[in-house]
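K.L.:
Residue numbers (our numbering): 58 to 517.
(1) Where residue 207 and residue 372 are concerned, what is the direct C-alpha to C-alpha distance, given to the nearest angstrom?
(2) How many Å lie between residue 179 and residue 253 at the Cα?
(3) Kindly identify the DSSP beta-bridge partner or partners of residue 433.
(4) In terms of alpha-carbon separation, which member of 464, 444, 243 lies closest to residue 320?
(5) By how many angstroms is the C-alpha of residue 289 removed from the C-alpha of residue 272?
(6) With residue 333 and residue 299 assumed to form a contact (beta carbons below 8 Å), what rounded beta-carbon distance in angstroms separates them?
(7) Give me the Cα-Cα distance between residue 241 and residue 315, rounded to the nearest whole angstrom.
(8) Spatial neighbours of residue 248 within its chain, please: CB distance less than 6 Å, with the 5 preceding and 5 following residues excluded, ordered by chain position.
(9) Per DSSP, what kind of secondary structure is residue 347 in: helix, strand or coil?
(10) Quick check on this structure: which residue in 110, 312, 232, 227 has the alpha carbon closest to the alpha carbon of residue 256?
(11) Can you find the residues in the same chain that come closer than 8 Å, C-beta to C-beta, to residue 489, ignoring five residues on each side of it along the sequence?
(12) May I ask which residues mark the beginning and end of the alpha helix (DSSP H) holding residue 438?
(13) Tell me, to the nearest whole angstrom, how far the beta carbon of residue 413 is from that of residue 362; I am working on the premise that it is less than 8 Å.
(14) Cα separation between residue 96 and residue 103?
(15) Is it true that the stretch 434-444 meets the stretch 340-356, where meeting means three or more beta-carbon pairs spaced less than 8 Å apart?
(16) With burial defined as no fewer than 16 other Cβ atoms inside 10 Å of the residue's Cβ, what is the status of residue 224: buried or exposed?
(17) Any contact between the stretch 372-392 and the stretch 453-462? By contact I mean 3 or more CB pairs, one from each, below 8 Å.
(18) Compute the Euclidean distance between the alpha carbons of residue 383 and residue 335, then round it to the nearest angstrom.
(19) Would you mind reading off the limits of the alpha helix (DSSP H) that contains residue 301?
(20) Does DSSP put residue 244 in a helix, in a strand, or in coil?
(21) Measure the CB-CB distance between residue 303 and residue 330 and report whether it falls below 8 Å.
(22) Output the distance between the C-alpha atoms of residue 466 and residue 261, rounded to the nearest integer angstrom.
(23) Assuming residue 402 and residue 375 are in contact, meaning their beta carbons sit under 8 Å apart, how far apart are those beta carbons, in whole angstroms?
(24) Ends of the alpha helix (DSSP H) at residue 179?
(25) Cα-Cα, which of 427, 217, 124 is closest to residue 282?
(26) Rounded to whole angstroms, what's the CA-CA distance from residue 197 to residue 409? Just pull it up for me.
(27) Please return the same chain residues whose Cβ sits closer than 7 Å to the Cβ of residue 415, not counting the five positions on each side in sequence.
(28) So, at 6 Å on beta carbons, what are the nonlocal neighbours of residue 359 in its own chain, with the 5 sequence-adjacent residues on each side left out?
(29) I need the straight-line Cα distance from residue 396 to residue 386, nearest angstrom please.
(30) Please report how far the alpha carbon of residue 192 lies from the alpha carbon of residue 183, in whole angstroms.
(31) Could you have a look at residue 322 and say whether DSSP puts it in helix, strand or coil?
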C-alpha cells in the first residue's frame with residue numbers, strides 16, 4: 058500500500074498550482090478575449106463614426122468656402138470687367154488717356170544684350186569715320202573731314218527761322234483769340250450759327266493762307282535745300298494739327314457748358330495752350346502728367362545722339378549713296394541701270410530710315426519731353442515685331458496715329474453713321490417643318506464714334 062501512496066504524492070508534487078485545472082482556466086480566458094474583441098470593435102466603430110462626421114464637416118466647410126470664394130471672385134471679376142469696360146468707354150469718349158510711362162527703347166537699353174545693338178551701330182559709325190578719313194587722305198591728301206553735304210542740306214537757315222516764327226506767332230495768337238471770342242459770346246448770343254460762321258470762316262481762311270499757302274510759297278520761292286525744306290513742311294503740318302486739336306477739344310466743351318446768366322463759360326488757359334504747342338503730343342489737354350524734375354544729363358545725351366545720327370546719315374550718303382548715283386549719271390539711262398541703282402540704295406535707305414526713327418521719334422521727342430517734364434513717353438511701340446503693315450502703321454509713330462484716330466477716323470464715323478438705322482426685313486416660309494410661317498428679321502445698324510466702329514444688333 059505504501060508504493061501507490063508514494064506514487065500519488067510524487068504526482069501531486071510535480072504538478073504546478075496553476076495547472077491543477079486547465080480546462081476551467083482556458084474557458085475563462087476565451088470568454089474574456091471575446092468580450093475584449095467586441096469592446097474593441099465597438100470602439101473602432103465609434104471612432105469611425107466620429108471620423109466620418111468630422112470628414113463630412115470638413116468637406117461641407119470646404120464646399121461652402123469654395124462657393125463663397127467663387128462668388129467673390131466672380132463678383133470681383135464682373136466688377137473688374139465693368140470697371141475696365143467703363144474706363145475703356147470713358148477713354149474712347151474722352152479721348153486719349155495720358156499716363157506716366159517711359160519710352161520703349163529706354164527700357165530696352167537697360168538690358169545689356171539689347172544695348173549691344175546700340176554699341177554695334179556706334180562701332181559702325183567709327184568704321185565709317187576711319188574709312189572716310191583714310192580715303193580722303195589717300196585721294197586728296199587731307200585729314201580734315203569736310204561736311205559740305207550737311208552745310209548744303211541745312212542751307213538758308215535764316216529763311217527757315219523766319220518762316221517758323223511767322224507760323225508759330227500765328228498759331229499762338231489767332232486760334233486762341235478766335236476761340237475765346239466765340240466761346241465768350243456763344244451762350245449769350247441769340248444767333249449762335251451766325252456767330253459760329255462769322256468766327257469760323259475767317260479762321261479757316263487764315264489757316265489756309267498762313268499754314269497752307271505761305272510755307273509752300275517759302276519753300277518754292279526761296280528754293281530751300283532738302284533738310285531746310287523738310288523742316289518747314291514738318292512744322293507746317295505740326296502747327297496745323299496742333300491748332301485743329303486745340304479747337305476740336307475745346308469747342309464741344311464750350312457748347313456743352315451751361316453757365317449761369319451773365320457768366321462766361323470756362324475757357325482754356327493761355328499757358329496750357331503755349332505748353333501744348335511745344336510738348337511732344339498732338340492731342341490737346343488742359344493738363345498732362347508731369348515729372349517732378351528735369352534730368353539735364355539725359356537731355357544732353359539725347360541731343361548728342363541726334364548730332365551723332367546727323368553725322369551717321371552724312372557718312373552713309375557720302376560712302377554708299379552718292380557714288381552709286383554718280384556712276385548712274387555717267388551711263389546712258391536704261392531700266393537695268395535704274396533697277397541696279399535702286400537695289401544698291403536699298404541698304405543705305407534702310408539705315409537712314411532707322412536713323413530718322415531713332416533721331417526724331419526717340420531722341421528729339423524725349424529731349425523735349427524731358428525739358429518740359431512731359432511724363433507720357435510712348436511715342437512709338439514695338440513696330441519691329443509687326444507681322445502686318447496695318448500693325449506697323451499703328452505702332453511706328455503713335456503720336457501721329459493718335460491724332461488720325463481721334464480726329465479723322467472717329468469724327469468721320471460720327472458725321473457719317475451716327476445713329477443711322479438701317480432696317481432689313483426678309484420673309485419666307487419657315488424651313489423647320491411649319492409651312493407658311495413668316496419670319497421677320499429686323500437688323501438695326503448703329504454706329505458710334507466713341508465705342509466701336511459699328512454694332513449690328515439683330516432681333517427676330
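All residues carry an ideal CB built from backbone N, CA and C; glycine is no exception.
P.N.:
Based on what the coordinates show:
(1) Cα atoms of residue 207 and residue 372: separation of roughly 10 Å, rounded to the nearest angstrom.
(2) It is roughly 56 Å from the alpha-carbon of residue 179 to the alpha-carbon of residue 253.
(3) DSSP, once it has assigned bridges, lists 158 as partnering residue 433.
(4) 243 is the residue among 464, 444, 243 whose C-alpha sits nearest the C-alpha of residue 320.
(5) Whole-angstrom Cα-Cα distance: 7 Å.
(6) In this structure residue 333 is in contact with residue 299, their Cβ atoms being roughly 7 Å apart against a cut-off of 8 Å.
(7) Going by the C-alpha atoms only, they are around 12 Å apart.
(8) Once the five neighbours on either side are set aside, residue 248 has no close Cβ partner at all.
(9) Three-state result, residue 347: strand.
(10) The residue with the shortest Cα to Cα distance from residue 256 is 232.
(11) With a pLDDT of only 38 at residue 489, under the threshold of 50, the placement of this residue in the model should not be trusted; the figure read from the coordinates follows. Excluding sequence neighbours, residue 489 sits near nothing in its chain.
(12) Careful: residue 438 lies outside any alpha helix (DSSP H) and carries neither H nor E.
(13) A Cβ-Cβ distance of about 13 Å is found for the pair residue 413 and residue 362, leaving them out of contact under the 8 Å criterion.
(14) About 10 Å.
(15) No contact exists between the stretch 434-444 and the stretch 340-356.
(16) Answer is buried; the Cβ neighbour count reaches 16.
(17) No: the two stretches stay apart, fewer than three of their Cβ pairs being nearer than 8 Å.
(18) Looking at the backbone, the Cα of residue 383 and that of residue 335 are separated by about 41 Å.
(19) Unbroken alpha helix (DSSP H) run through residue 301: 283-313.
(20) If DSSP states are grouped into helix, strand and coil, residue 244 belongs with coil.
(21) Yes; because the gap between Cβ atoms is below 8 Å, this pair is in contact.
(22) If you draw a straight line from the Cα of residue 466 to the Cα of residue 261, it comes to about 21 Å.
(23) In this structure, residue 402 and residue 375 do not form a Cβ contact; the two beta carbons are roughly 13 Å apart against a cut-off of 8 Å.
(24) Looking at the DSSP string, the run of the alpha helix (DSSP H) that includes residue 179 is 169-197.
(25) Out of 427, 217, 124, 217 has the C-alpha closest to the C-alpha of residue 282.
(26) For residue 197 and residue 409, the distance between alpha carbons rounds to 27 Å.
(27) Around residue 415, the same chain offers 366 as residues with beta carbons nearer than 7 Å, after the five sequence neighbours per side are excluded.
(28) Its chain contains 420, 423, 424 as the residues whose beta carbon lies nearer than 6 Å to that of residue 359, once the 5 sequence neighbours on both sides are disregarded; these appear in chain order.
(29) Cα to Cα, the separation comes out at about 14 Å.
(30) Distance between residue 192 and residue 183, taken at the CA atoms: about 14 Å.
(31) Here residue 322 carries a coil assignment [DSSP, helix/strand/coil].
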